[in-house]
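Colleague:
Number of protein chains: 2
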Amino acid sequence: MSKEITSRSEDYSKWYNDIVKKAELADHSAVRGCMVIKPTGFAIWENMQKQLDKMFKDTGHVNAYFPLFVPKSLFEAEEKNAEGFAKECAVVTHYRLKTNPDDKSKLIVDPAAKLEEELIVRPTSEAIIWNTYRDWINSYRDLPLLINQWANVVRWEMRTRMFLRTAEFLWQEGHTAHATKDEAIEEAKRMQDVYAKFAEEYMAMPVIRGVKSESERFAGADDTYTIEALMQDGKALQAGTSHFLGQNFAKAFEVKFTDSDQKEKYVWATSWGVSTRLIGGLIMTHSDDQGLVIPPKLAPTQVVIVPIPKPGEEIDEVANKIIAGLKEKGISVKYDQDPKKRPGFKFAEHEMKGIPVRIGIGKRDLEKGVVEVARRDTKEKESIAVDGVVNHVEQLLEDIQNNLFQRALDYRNAHITSVDTFDEFKKVLEEKGGFISAHWDGTEETEDKIKKETKATIRCIPNDAKAEDGKCVFSGKPSKRRVLFAKAY
Amino acid sequence: MSKEITSRSEDYSKWYNDIVKKAELADHSAVRGCMVIKPTGFAIWENMQKQLDKMFKDTGHVNAYFPLFVPKSLFEAEEKNAEGFAKECAVVTHYRLKTNPDDKSKLIVDPAAKLEEELIVRPTSEAIIWNTYRDWINSYRDLPLLINQWANVVRWEMRTRMFLRTAEFLWQEGHTAHATKDEAIEEAKRMQDVYAKFAEEYMAMPVIRGVKSESERFAGADDTYTIEALMQDGKALQAGTSHFLGQNFAKAFEVKFTDSDQKEKYVWATSWGVSTRLIGGLIMTHSDDQGLVIPPKLAPTQVVIVPIPKPGEEIDEVANKIIAGLKEKGISVKYDQDPKKRPGFKFAEHEMKGIPVRIGIGKRDLEKGVVEVARRDTKEKESIAVDGVVNHVEQLLEDIQNNLFQRALDYRNAHITSVDTFDEFKKVLEEKGGFISAHWDGTEETEDKIKKETKATIRCIPNDAKAEDGKCVFSGKPSKRRVLFAKAY
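Residue numbers (the numbering used here), protein chains in the order written: chain A, 1 to 489; chain B, 1001 to 1489.
(1) Whose C-beta lies closer than 8 Å to the C-beta of Met1055/B among residues of the same chain, with five residues either side of it excluded?
(2) Assuming Met1352/B is part of the beta strand (DSSP E), what are its boundary residues?
(3) At the level of alpha carbons, what is the spacing between Met1001/B and Ile1019/B?
(4) Taking 8 Å as the limit between beta carbons, can you name the residues of its chain near Trp136/A, skipping five residues before and five after?
(5) Between Trp1272/B and chain A, is the shortest Cβ-Cβ distance under 8 Å, so that the two count as touching?
(6) Would you please verify whether the beta carbon of Met1001/B is less than 8 Å from any beta carbon of chain A?
(7) Pull up the distance between the alpha-carbon of Asp1233/B and that of Asp1222/B, whole angstroms please.
(8) Taking Lys181/A as the reference, give the member of Val31/A, Tyr266/A and Pro206/A with the closest Cα.
(9) Measuring only between beta-carbons, confirm whether Glu1004/B sits less than 8 Å from chain A.
(10) I need the DSSP call for Leu68/A, collapsed to helix, strand or coil.
(11) Would you decide whether Ala1414/B is buried or exposed? Buried here means 16 or more other CB atoms lie within 10 Å of its CB.
(12) For the beta strand (DSSP E) containing His1286/B, list its first residue and its last residue.
(13) Please classify Met284/A: is it buried, with 16 or more other beta-carbons within 10 angstroms of its beta-carbon, or exposed?
(14) By how many angstroms is the C-alpha of Val293/A removed from the C-alpha of Tyr1016/B?
(15) Write down every uninterrupted run of the alpha helix (DSSP H) in the segment 1157 to 1216 of chain B whose length is 4 residues or greater and which is fully enclosed by it, in chain order.
(16) Within 8 Å (strictly less), CB to CB, does Arg165/A reach chain B?
(17) Which term fits Lys329/A, buried or exposed, when burial requires 16 or more other beta carbons within 10 angstroms of its beta carbon?
(18) Quick one: what's got a C-beta closer than 7 Å to Lys426/A's C-beta in the same chain, skipping five residues either side?
(19) Should Arg1375/B go down as buried or exposed, given a rule of 16 or more other Cβ atoms within 10 Å for buried?
(20) Let's test the definition: count the other Cβ atoms within 10 Å of the Cβ of Gln406/A and tell me whether it reaches 16, buried, or not, exposed.
(21) Whole-angstrom Cβ separation of Ala219/A and Phe249/A, contact assumed at under 8 Å?
(22) Between the Cα of Arg364/A and those of Ala229/A, Glu183/A, Asp387/A and Pro309/A, spot the shortest distance and give me the residue it belongs to.
(23) Just to confirm before moving on: does the CB-CB distance between Glu168/A and Gln149/A stay below 8 Å?
(24) State the beta-bridge partners of His1028/B as determined by DSSP.
(25) Suppose you measure from the CA of Val1483/B to the CA of Leu1237/B; what does that come to, to the nearest Å?
(26) Taking the Cβ atom as the reference point for each residue, do Val211/A and Thr224/A lie within a distance shorter than 8 Å?
(27) Evaluate Asn1042/B with the Cβ neighbour count: other Cβ atoms within 10 Å of its Cβ, from every protein chain shown; 16 or more gives buried, anything less gives exposed.
(28) Can you tell me the Cβ-Cβ gap for Ala1023/B and Met1352/B, rounded? I've got them flagged as a contact below 8 Å.
(29) Comparing alpha-carbon positions, which option in Glu79/A, Glu430/A and Lys297/A lies nearest Lys251/A?
(30) Measuring CB atoms only, is the segment 57 to 75 of chain A touching the segment 128 to 135 of chain A, in the sense that at least three cross pairs come out at less than 8 Å?
(31) Quick one: what's Asn1537/B bridged to in DSSP?
(32) Using only alpha-carbon positions, find the residue among Leu1115/B, Lys1235/B and His1094/B that is nearest to Ser1013/B.
(33) Between which two residues does the alpha helix (DSSP H) harbouring Leu143/A extend?
(34) Excluding sequence positions up to five away, which residues of its chain have a Cβ less than 8 Å from the Cβ of Ile323/A?
(35) Less than 8 Å between C-beta atoms, sequence neighbours within five positions excluded: which residues of the same chain meet that for Thr1006/B?
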């Protein structure tokens, strides 16, 4: 089975698509740019959702649901936001089909059922939500309003890739309203923190926390806080963003409140989101030429048990005992008893699907009182005494989680390169890839020129960037600190 | 606060809308027929989802996600299904907006961005899913395929009511594929059972299990199994349906498999769904003129603690002890410390929102070592010793859950009336309402005529209907058993 996937060195992009397909994470659909998320892929998303949802609730947020459609007049109210999304909107113009008079088996759009006002399928929900918040917010007592929504959104992207960029995708979008600017900024940063913590502790994916340059900001934001990850091919992935929206939406939708000083003021806002794109990041952070590698904390199946060569009374008995023990510890486990497949075939299949731990139970091993435990990340195998296997696996899952993070962190840290000349910049970008730490003069003009010449963009100004006088790597103009450039997904 | 809601006897429909609004379950939106589900309403939906999802997984199903859009050519492939939904479809025709040349601050649909093929916003997903299943199913080894999806769907209804009938709604839709007819029928009935169990054990809403008459079937189904509930105004609510789809979709989308006998055969199918409509059913089954009543198993907040008249060191201490004890038992509890509101105001507010149990803690009561425990369903109050309050509340929540079910069951059972003449039929329908058990000749013609004259429809042929020779209440023709008629939502 593993023979069927392209190696990373041969064609990284093809390798990625092979993994998505062979690990049965997603499939193309009949709709341009839209994917079908298959059960295994969706189970990873469910695990992500469960954890993120808990983290949102622990920080005081509640869930709600707003309409899929945004009337055009609301959509265009916040101009920058509208401009940012207008070119990639699915637009509903009619509300009925009718039988084609020329071919009774076919349907056509009924021209008599044209909408008075077109509806935009939400690419993001600020417009519809802020139009609603106007009615919900009157007094400072109504603030802060801390709401999250799990939803599907549509952006009509021209070049799509499964999970990373699809016309429809699943995400969560937080939309909060605050009485003061400081409180809104604090919230936006808090959610950046939540995302970073989730990425590192659950996805085992190290991220750099920073702020976007003006040209890379969310359309309608005053500031965009981001978490940036590094993929194995040296390209960056924007994994989550949290926006301080200032009073832009409050002003566009006239959302005011009476403050405790009895004065009427515009509300301050944030929004923040992560999407099924994270699954793309997960794949490209950990997987290898044998297939998917998933950190145990997000793996739908954490342990698989394979009888060697096939089930038998004694093997089943040991397997069931181990299964009971693992389940008691909250570890998800499958017993692959399928008699139609040979163990070697199963091993390759489970490797492809990224199951973190495999336990092989063979008759000869059982005579010695042991089973074979294999870990997916390093592919190491060990003989473990049957009696100790449950505790061993529990510890092993933790080790794998930590090892995956450390491995990705080492790779990421080895791929942050400081450069001081543009020649060096281009050389590193081409030959090594990764993040390039360089001085920048702070102008959009320079950013644009660098992007045009190298395809690299400013990923972020890291939160921990030190003050350092220098000269812009491109223009030679003075700069106060380094920023991170990279080619990005 | 309670003064602001209309009583049921005065105007049932207005009472319903008042509850939805005052209990902060949902709000109208700027989009025709679409609602905003507010945090309290959504929290009920989350509780429903959590339990249903568990029940689906316990019966072997997995979740996946399919595209929001259905290309028109796929939509029309299964003719009956297409015909059933064509008149209420939102249609995407364009994928871009552009600046209005006559008014730079406005956007217009870009006529250059017209889609070659229109996309239907899914009213249900059989078409897109069966088009996908064709690639997933080759052999009997791939069957059964047991998939569920949590999603939003859009049906352009002309007359909408919050939760009960909205243009966009949230639901789950199961779509399964089987090797044999019997297995598919068994699955459809199994899911009807799951729905009935959920309705009765969690929503405390008694339901009648039955099968739909041909004219009330899902478009594209060979049989529709339904659960039917009775609302307090004597109207029925179809609360969930499970369809045996025969081979209709398999034939429309050419989904065949090689069976173990090496023969190629069409697959057998089911689909089944429940939606946010259940929240409407929940409201109308239990609530009263003081506001919402929610069964404890689905209540976002099960217990609220109110200090009387206001918090103080001693009261806080007792409250915190009770809170800790309740949380340990997995009971959700809020401490309403807001000093700006008087206890009486809070009581009315918590009644309006349907919190099942209220604990009042007052200084004078504490001197006697007791607190006041009030139950929302009967509005009874008791003095309970502080030390025993946690155990008491745990038992009380169970009692409330059971009482709500029993009360609804008694009402429902008192509102199933057997009639043998059409005059009686009309009289009962007008004066008493509820289900009418009557003989029917089995023809669509009679069904239609009864509907036109009385607005009553056949809700179902109950699973437990006994063979009984009789004469059709309308036509006088022979009939083999009684069916249930009612006016319905």
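Virtual Cβ for every residue (Gly too), placed ideally from N, Cα, C.
Modeller: Quick answer:
(1) Your numbering for residue 1055/B matches position 55 in the second sequence. Around Met1055/B: Val1194, Lys1197 and Phe1198.
(2) Within the second sequence, residue 1352/B is the residue found at index 352, counting from 1. Segment Pro1343 to Lys1353 is the alpha helix (DSSP H) holding Met1352/B; no beta strand (DSSP E) there.
(3) As a position in the second sequence, residue 1001/B is number 1, starting the count at 1. As a position in the second sequence, residue 1019/B is number 19, starting the count at 1. With a pLDDT of only 45 at Met1001/B, under 50, the local geometry of the prediction cannot be trusted, and no value is derived from it.
(4) Indexing the first sequence from 1 puts residue 136/A at position 136. Around Trp136/A: Asp142 and Leu145.
(5) Position 272 of the second sequence, counted from the start, is the residue given in the question as residue 1272/B. So, not an interface residue.
(6) Position 1 of the second sequence, counted from the first residue, corresponds to residue 1001/B. In this prediction, Met1001/B scores a pLDDT of 45, lower than 50, which makes its location untrustworthy; the coordinate-derived value is nonetheless stated afterwards. Closer than 8 Å: no.
(7) Position 233 of the second sequence, counted from the start, is the residue given in the question as residue 1233/B. Position 222 of the second sequence, counted from the start, is the residue given in the question as residue 1222/B. Going by the C-alpha atoms only, they are around 32 Å apart.
(8) Position 181 of the first sequence, counted from the start, is the residue given in the question as residue 181/A. If you compare the alpha carbons of Val31/A, Tyr266/A and Pro206/A with that of Lys181/A, the shortest gap goes to Tyr266/A.
(9) Here residue 1004/B refers to the residue found at position 4 when the second sequence is read from its first residue. No, Glu1004/B does not count as interfacial toward chain A.
(10) Here residue 68/A is taken as the residue at index 68 of the first sequence, counted from 1. It is coil, neither helix nor strand.
(11) If you number the second sequence from 1, residue 1414/B lands on position 414. Ala1414/B comes out exposed.
(12) Taking the first residue of the second sequence as 1, we reach residue 1286/B at position 286. Taken as a continuous stretch (DSSP letters only), His1286/B belongs to no beta strand (DSSP E), being part of the alpha helix (DSSP H) at Arg1277 to His1286.
(13) Walking along the first sequence from the start, residue 284/A turns up at place 284. With 16 or more other Cβ atoms within 10 Å, it is buried.
(14) Locating residue 1016/B in the second sequence gives position 16, where the first residue counts as 1. Locating residue 293/A in the first sequence gives position 293, where the first residue counts as 1. About 51 Å.
(15) 1181 to 1201
(16) As a working mapping, residue 165/A is identified with position 165 in the first sequence. It does not: the Cβ of Arg165/A has no partner Cβ on chain B nearer than 8 Å.
(17) What you label residue 329/A is simply residue 329 of the first sequence in a count that begins at 1. With fewer than 16 other Cβ atoms within 10 Å, it is exposed.
(18) By one-based count along the first sequence, residue 426/A stands at place 426. Contacts found: Thr454.
(19) Locating residue 1375/B in the second sequence gives position 375, where the first residue counts as 1. Its Cβ being crowded by 16 or more others within 10 Å, Arg1375/B is buried.
(20) Here residue 406/A refers to the residue found at position 406 of the first sequence. The residue in question, Gln406/A, is exposed, as its Cβ has fewer than 16 Cβ neighbours within 10 Å.
(21) In the first sequence, counting from the first residue as 1, residue 219/A sits at position 219. In the first sequence, counting from the first residue as 1, residue 249/A sits at position 249. Incorrect: roughly 12 Å between the Cβ atoms, too far for contact.
(22) Start at 1 with the first residue of the first sequence, and residue 364/A comes out as number 364. Here the closest residue by C-alpha is Pro309/A.
(23) If you number the first sequence from 1, residue 168/A lands on position 168. If you number the first sequence from 1, residue 149/A lands on position 149. No, Cβ-Cβ distance for Glu168/A and Gln149/A is not below 8 Å.
(24) Working through the second sequence from its first residue, we reach residue 1028/B at position 28. Answer is Met1035/B, bridged to His1028/B.
(25) Counted from its first residue, the second sequence places residue 1483/B at position 483. Counted from its first residue, the second sequence places residue 1237/B at position 237. Cα-Cα distance, rounded: 16 Å.
(26) Indexing the first sequence from 1 puts residue 211/A at position 211. Indexing the first sequence from 1 puts residue 224/A at position 224. Against a cut-off of 8 Å, the Cβ pair of Thr224/A and Val211/A comes out as a contact.
(27) The residue labelled residue 1042/B in the question sits at position 42 within the second sequence. Sequence check: residue 1042/B is Phe here, not Asn. That one is buried.
(28) Translated into the one-based positions of the second sequence, residue 1023/B becomes position 23. Translated into the one-based positions of the second sequence, residue 1352/B becomes position 352. With a Cβ gap of about 6 Å, Ala1023/B and Met1352/B count as contacting.
(29) Numbered from 1 along the first sequence, position 251 holds the residue referred to as residue 251/A. For Lys251/A, the nearest C-alpha among the options comes from Glu79/A.
(30) yes
(31) The question about residue 1537/B has no answer, for chain B in this structure spans 1001 to 1489.
(32) Translated into positions along the second sequence, residue 1013/B becomes position 13. Checking every option, the nearest Cα to that of Ser1013/B belongs to Lys1235/B.
(33) In the first sequence, counting from the first residue as 1, residue 143/A sits at position 143. Taken as a continuous stretch (DSSP letters only), Leu143/A belongs to no alpha helix (DSSP H), as it is neither H nor E.
(34) Your numbering for residue 323/A matches position 323 in the first sequence. Counting only Cβ-Cβ distances below 8 Å, and skipping sequence neighbours, we find Ile305, Val333 and Tyr335.
(35) Numbered from 1 along the second sequence, position 6 holds the residue referred to as residue 1006/B. Closer than 8 Å at Cβ, skipping near neighbours: Lys1014, Trp1015 and Asp1018.
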